[in-house]
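Taking it in order: structure first as C-alpha cells, then the write-up.
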Amino acid sequence: MNRREALSAAAVIFGGTIIGANSFLSGCKTPAAKTGLFADEDVAYMDEISDTIIPDTPGSPGAKAAKVGAFMKTIVTDCYSPEDQQVFVKGLQTLNEAADKAYKKKFAELTAEQKTTVLTAEGKAAQDYDAKRAKDAPSHYFSMLRQLTVWGYFSSEVGATKALRYLPIPGKFDGSFPYKKGDKAWALS
Amino acid sequence: MAQQHYDAIVVGSGISGGWAAKELTEKGLKVLLLERGRNIEHIKDYVNANKAPWEFAHRGERTQQMIKDYPVLKRDYPLNETNLDYWVNEKESPYTEIKRFDWFRGYHMGGRSLMWGRQSYRWSDFDFEANAKDGIAVDWPVRYKEIEPWYDYVEKFAGISGNRDGLPQLPDGQFLPPMEMTIVEKDVAARLKAYYKGQRSMIMGRTANLTAPHEGRTNCQYRNKCWLGCPFGAYFSTQSATLPAAMKTGNLTVRPWSIVTRVLYDKDKKRATGVEVLDAETNKTYEFTSKIVFLNASTLNSTWILMNSATDIWPGGLGSSSNELGHNLMDHHLGVGASGYVEGYEDKYTYGRRANGVYIPRYRNLFGDKRDYLRGFGYQGGGSREGWKRAVPELMLGAAFKEALTEPGSWTMGMGGFGEILPDHSNMVSLDKNTKDKWGLNVLAIDCELKSNELAMRKDMKQDAIEMLEAAGVKNVQGWDGDGTPGRGIHEMGTARMGADPKTSVVNKNNQVWDAPNVFVTDGAFMTSAACVNPSLSYMAFTARAADFAVNELKKQNL
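Which chain is which? The protein sequence lines are D and W, in order.
For the first sequence, the positions run 1 to 189 when my numbering is used.
For the second sequence, the positions run 1 to 559 when my numbering is used.
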C-alpha cells in the first residue's frame, strides 16, 4: 500500500483481508523465533490446505502449484506476532483433529471432497467466532489460512500470470477500459 | 577533499536542495552539495524497481524484525519490505517525542524526493493572506503575484501534469496534459458539480509524473511503483531532474556522508563563512567555506543546524534572536475521510495503474462559507475497481471462490482529507541535550499536537466526505476518523518562519536568515503557514526565487 492507496482508504473497505496488516500497526512485538515453528511435513500439510481453498481449475493451477505452503511458513514465521503464531500453529493441530474425528485420518490423507467438508466446517466455526469476536482478539486460524492462501496465491508467479492478467509495464492509462464478464482481473494494483 | 572553498554550499539533496544546486550551478556558481546519507545513483540503485511481487521474500509485507527496528515508521504504511532502504535508520538517528510526532525521514541522496507523493499544487492569495486576515501568527511578506512566475518556472522544468480548472483557490499552472479520470470518477465529479452548483469541484490530481516526454525524461508508464524509484525517470526527483541538470554545468561537487553540524559564523562581518561537516563514515570533522549557504536539510533538520550554530553569540542558535526559531511547527492532519461502493459500470475497467488520484480543492471558509474554525481542507481520493484483495464473504473456499477472485469486483470510491494546521508558538522543537545520536550529536525533541481548530475541522472533514459521496450516489458509505497525529502528513513545515520583521521571524521575504543574510533557508522550515495543499511545489518555487536573488546580490557584492 502506497500513500495514495492509504489515503483513498481502500484499506478501510478491504480491511483485514491480509491478516496481520492491522495487528502490525498496533504495537511493537518481540521478534519471531526464526526456526522451529514448522517442520517440513507442515509445509506439505499447508500446501494441501491451501490447495483446498484455491484448487486447480480448468483455467489455472491451484495454490499447491504456487508453493503457498512454503509462503505460509515464511510469513507466519517472520511477520506474525507471537500471539498470532500460536493461534496459527494450534489451528493446524485443530484441523488435523477435526479430520481425525470425522474420518480417522490426517487432513492431508483425506480425499478432496473430505478436505472440503472438514475445512468448510472450520470455516463456519470461524464465521461464528467472528460474529462474537472482541475487537482486539486474534483472528480465527481458518481466517488466517484463507487469507494467507489468497495473498500467497495471487501474488505468486503462478497466480499472477495464470489466474490473473499480469502486466508489469502498462505504458498507458485508460479509465474506461472495456470489460466483459469472464475477463480476468489485473494481478497488480 | 581537494577543494575547501566554494561559491555556495547547499545542505541537503532533497526536493529543495536539488533545486538550489541546479539554480546556483546554472548561474555559474561553484557549488558543494552536502548530503548526510549515502549516495543513490539514478536507476542503477533503484534495486527493487523492476521486481515482481513474488521476488520479495515477504511479498512486500513488514516483518516482526522490521517492526522492532523501526518503532516510528511502523506506525503507518511506509514500513514495508519494498523500499525499506529509503527510510532513515531509527537506531542511528533517534529523536525525542515530548508528545507523539510521527517523523518519517529519508537520509540519502535525493531525500524524500524519491518517495514523495508527487501531488503538486500552487498556493493562492487565500493562503498568503490568511494569517493577516485571521490575525494570527505573522503575515506572509509575499503575495501570489510575486511567486507566480516562479511557480511557472519550476513547473516547466519539473513537469507537472494537470488540468486547467480555473479555480481561484488553486491557481492553474504550466501543465503537461492531465491524467485521465476513471469513468466512475468522471461521473462522481459531474454529480458533485451539479449538486453543489459549482461550489465544490472534483478535479484530476496534479502530479509531478510526466504525461509526455519532457526535458529528456521518459513519460509515465503507469506502473504505480514510483516510491521504489522510477527506472524511466518519469516523476520528478533530485536524481531524475535537478541533479543531472546541475551536474551538466560542471560546477557541482557532491559529497555524501556529510552531516552538517553547524554553520560557521563571523560575528564581525555578521555573515556565515561556511559549514562544519562531520563525516558520517569516518567521524572526521571538516570545514568548508563559501560565500553563501543554502539550508535544505529538511524542515526540522535545517532548524537543528541553526540551533547548533553561532551559539557563542545567541545561546539558542543562529536565527534565534526572534525567539521563533524552532516554533510554529506544522504539518497537514489527515486520516479522516469516507469511502463506499458504486453500483453498475460492470462493463468498464481500468487499464494501467495510475499513480495519481482525484482532488477536491478547499471550499470551506471561502466564497462566503463560514465555519466555527479557521481555514480548510482538501481531499485526495479515487474511484477504482476492486481486485483479489477484496473480501468475498459469500464464498468460503474452493473453485467458485477462486474463480470469483480471478475477476474484478465492484467499483469503489473513497477520499481522505488533508487539513491545514495553524501555526502555533507552542508547537515546537528544541535540542534534547540528554540524548545523542550515533555520532554523539544532540537530537531534536518534538513537542507538537493538534489544537482545537484542527479538531473542530476534522468533524467537517469526515462529515463532508460522507455527504459528498452520498450526494454522488455512492452506496454503503462509511466515514472514518483515524489517526491524526502530527507528522503523518509527512509535510513538516515551519520552525524558521518567514516574516517582515526580524523581531518575530527567522528569515526575510527572500529566505535570508535575518542575522546572517548569506544564509538561505528554503525547505519547509521557512513556511509561515501551511495552507492545506501539498507543499513541495512551493518549496521549489521559493528555492528558485531565492537562488536568483542570492546570485544577484552576490553580483552586487551585497552578501
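For each residue, glycine too, the CB sits at the ideal point set by N, CA and C.
For Ala189 (chain W) and Gly473 (chain W), what's the separation of their Cα atoms in angstroms?
If you take the alpha carbons of Ala189 (chain W) and Gly473 (chain W), they lie about 11 Å apart.
In three-state DSSP terms, what is Leu201 (chain D)?
Chain D is shown from 1 up to 189; residue 201 (chain D) falls before or after that span and cannot be answered.
Quick test of your reading: Val275 (chain W) and Val254 (chain W), contact by CB under 8 Å. State the CB separation rounded to the nearest angstrom.
Not confirmed; about 15 Å, so no contact.
Can you tell me whether Ala39 (chain D) is buried or exposed, with buried defined as 16 or more other CB within 10 angstroms of its CB?
exposed
Name the chain D residues that come within less than 8 Å of His58 (chain W), Cβ to Cβ?
Thr74, Ile75, Asp78 and Cys79
Secondary structure of Phe14 (chain D), DSSP reduced to three states:
Because the pLDDT of Phe14 (chain D) is 37, which lies under 50, any placement of that residue in the model is unreliable, and the number read from its coordinates should be weighed accordingly. Helix, per DSSP.
Check whether the region 344–363 of chain W and the region 380–390 of chain W are in contact - that is, three or more C-beta pairs closer than 8 Å.
They touch, by the three-pair rule.
According to DSSP, simplified to helix, strand and coil, what is Asn453 (chain W)?
helix
Just checking my contact of Phe271 (chain W) with Asn558 (chain W) at CB under 8 Å: how many whole Å lie between their CB atoms?
Note on residue identity: the sequence assigns Arg, not Phe, to residue 271 (chain W). Their Cβ separation, rounded to whole angstroms, is 11 Å, which puts Arg271 (chain W) and Asn558 (chain W) out of contact at 8 Å.
Residues of the region 50–71 of chain D with a CB closer than 8 Å to any CB of chain W: list them in chain order, please.
With the criterion set as a beta carbon lying under 8 Å from some beta carbon of chain W, the members of the region 50–71 of chain D are Thr52, Ile53, Ile54, Pro55, Thr57, Gly59, Ser60, Gly62 and Phe71, in sequence order.
Using a Cβ cut-off of 8 Å (strictly closer), state whether Lys106 (chain D) contacts chain W.
Closer than 8 Å to the CB of Lys106 (chain D) there is not a single CB belonging to chain W.
Starting from Glu97 (chain W), follow its DSSP beta bridges and name the residues at the other end.
Paired residues: W:Ile446.
Counting only the same chain and skipping the five closest in sequence on each side, list residues whose C-beta sits under 8 Å from that of Leu148 (chain D).
Ile19, Ser50, Val68, Phe71, Met72, Ile75 and Val76
Among W:Tyr286, W:Ala541, W:His333 and W:Leu114, which has the Cα closest to the Cα of Val521 (chain W)?
W:Ala541
Verify the CB distance criterion: does Arg62 (chain W) have a CB-CB separation below 8 Å to chain D?
yes
Determine the chain W residues that contact Lys218 (chain D) at a beta-carbon separation under 7 Å, and present them in chain order.
Given that chain D is displayed from residue 1 to residue 189, the structure contains no residue 218 (chain D) and the question cannot be resolved.
Which same chain residues, not among the five before or five after Trp314 (chain W), have their C-beta less than 8 Å away from its C-beta?
Ser320, Ser321 and Asp515
Residues of chain D with CB under 7 Å from Trp87 (chain W), in chain order?
Those within 7 Å of Trp87 (chain W) in chain D number zero; the least Cβ separation is about 13 Å.
Just checking, does the region 228–236 of chain W make contact with the region 2–12 of chain W on the three C-beta pairs under 8 Å criterion?
no
Run the CB neighbour count on Asp183 (chain D), radius 10 Å, all protein chains shown included, and call it buried at 16 or more, exposed below.
exposed
Against chain W, does Phe38 (chain D) count as a neighbour if the rule is that its beta carbon must be under 8 Å from one of theirs?
no
When you check each C-beta in the region 397–413 of chain W against every C-beta of chain D, which residues fall closer than 9 Å?
Leu397, Gly398, Ala399, Phe401, Lys402, Glu403, Leu405, Thr406, Glu407, Pro408, Gly409, Thr412 and Met413
So what does Pro178 (chain D) bridge to, in DSSP terms?
W:Lys348
Look at the Cβ atom of Ile15 (chain W), then the Cβ atom of Tyr341 (chain W), and state whether they are nearer than 8 Å.
no
Per-residue burial, His425 (chain W) [other beta carbons within 10 Å of its own, 16 or more giving buried]
exposed
Give a yes or no on whether the minimum CB-CB distance between Asn2 (chain D) and chain W is below 8 Å.
yes
What residues in the region 373–388 of chain W bring their beta carbon closer than 9 Å to a beta carbon of chain D?
Tyr379, Gln380, Gly381, Gly382, Gly383, Ser384, Arg385, Glu386, Gly387 and Trp388
At which residues does the beta strand (DSSP E) containing Trp480 (chain W) begin and terminate?
Lys475 to Asp481 is the span of the beta strand (DSSP E), which, as asked, contains Trp480 (chain W).
Which of helix, strand or coil DSSP assigns to Ser26 (chain D):
Annotation note: pLDDT 36 at Ser26 (chain D) (below 50); position unreliable, no value reported.
Under 8 Å Cβ to Cβ from Gly337 (chain W), same chain only, skipping five residues before and after it: list those, please.
Tyr379, Gly381, Gly414, Met415, Gly416, Gly417, Met461, Lys462, Ala465, Gly479 and Trp480
Provide the residue span of the alpha helix (DSSP H) that contains Ile305 (chain W), from first to last.
Thr299 to Met307
Please classify Leu395 (chain W) as buried or exposed, where buried requires at least 16 other C-beta atoms within 10 Å of its C-beta.
exposed
So which of W:Thr412, W:Leu444, W:Val551 and W:Glu281 has the shortest CA-CA distance to Arg100 (chain W)?
W:Leu444
Quick one: list the residues of chain D neighbouring Asp347 (chain W), beta-carbon separation under 8 Å, in chain order.
Residues of chain D passing the Cβ test: Pro178, Tyr179 and Lys180.
Given Glu449 (chain W), which residues of its chain have a CB within under 6 Å of its CB, disregarding the five upstream and five downstream residues?
Lys99
Please name the residue, chosen from W:Tyr196, W:Ser113, W:Asn50 and W:Arg497, that lies closest to Ala19 (chain W) on a Cα-to-Cα basis.
The sequence shown places Trp at residue 19 (chain W), rather than the Ala named in the question. The option with the nearest alpha carbon to Trp19 (chain W) is W:Ser113.
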